[in-house]
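First up is the structure itself, then whatever we jot down about it.
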Amino acid sequence: MIDDPVLDNLYDPTLMSEMSSYSDLHYTQTDLSLGGIYSFTPALYTTVQVAWQQIEDKDPYVYGDLDGTAWRGNVGLGYKF
Numbered sequence: 225m226i227d228d229p230v231l232d233n234l235y236d237p238t239l240m241s242e243m244s245s246y247s248d249l250h251y252t253q254t255d256l257s258l259g260g261i262y263s264f265t266p267a268l269y270t271t272v273q274v275a276w277q278q279i280e281d282k283d284p285y286v287y288g289d290l291d292g293t294a295w296r297g298n299v300g301l302g303y304k305f
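Quick note on this note's numbering: the sequence shown kicks off at 225 and runs consecutively.
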């Protein structure tokens, strides 16, 4: 047990009653993804993937309005041996 009066005043869990409301976040998140594989030969192939994500912040507070969209893309080249 820590018996430090300074630490007791700086970190008092009873003073954190408002912090629980920070986890009442309300988001809508939509994710779409499309990908495929193309084989040039039985050993050589490529992969492609595109992903789209939309986030809608229903209750903007704490950090402000966090609406937004994101695009991601991946291209890969593989060889089976």
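All C-beta atoms, glycine included, are put in the ideal place defined by N, C-alpha and C. Keep in mind it's a predicted model, so treat the numbers as computed, not measured.
List the endpoints of the continuous beta strand (DSSP E) containing residue i.
{"i": "Thr-265", "result": "Segment: none, Thr-265 is in no beta strand (DSSP E) and carries neither H nor E."}
If you run the structure through DSSP and keep just helix, strand and coil, what is residue i?
{"i": "Leu-234", "result": "helix"}
{"i": "Ser-291", "result": "First, the amino acid is wrong: residue 291 is Asp here, not Ser. Looking at Asp-291 - three-state DSSP - the assignment turns out to be coil, as it is neither helix nor strand."}
{"i": "Leu-258", "result": "strand"}
{"i": "Tyr-303", "result": "strand"}
{"i": "Gly-283", "result": "Before going on, a small fix: residue 283 reads as Asp here, not Gly. Note: Asp-283 maps to coil in three-state DSSP."}
Report yes if the CB atom of residue i is closer than 8 Å to the CB atom of residue j, and no otherwise.
{"i": "Gly-302", "j": "Tyr-251", "result": "no"}
{"i": "Leu-249", "j": "Asp-283", "result": "yes"}
Which residue wins for smallest C-alpha separation from residue i, given the options the options?
{"i": "Thr-254", "options": "Ala-267, Leu-290, Gln-273 and Gln-278", "result": "Gln-278"}
{"i": "Glu-280", "options": "Val-272, Pro-266 and Asp-289", "result": "Asp-289"}
{"i": "Leu-256", "options": "Pro-284, Ala-294 and Phe-264", "result": "Ala-294"}
{"i": "Trp-276", "options": "Gly-292, Phe-264 and Leu-234", "result": "Gly-292"}
{"i": "Lys-304", "options": "Gly-259, Phe-264 and Leu-234", "result": "Phe-264"}
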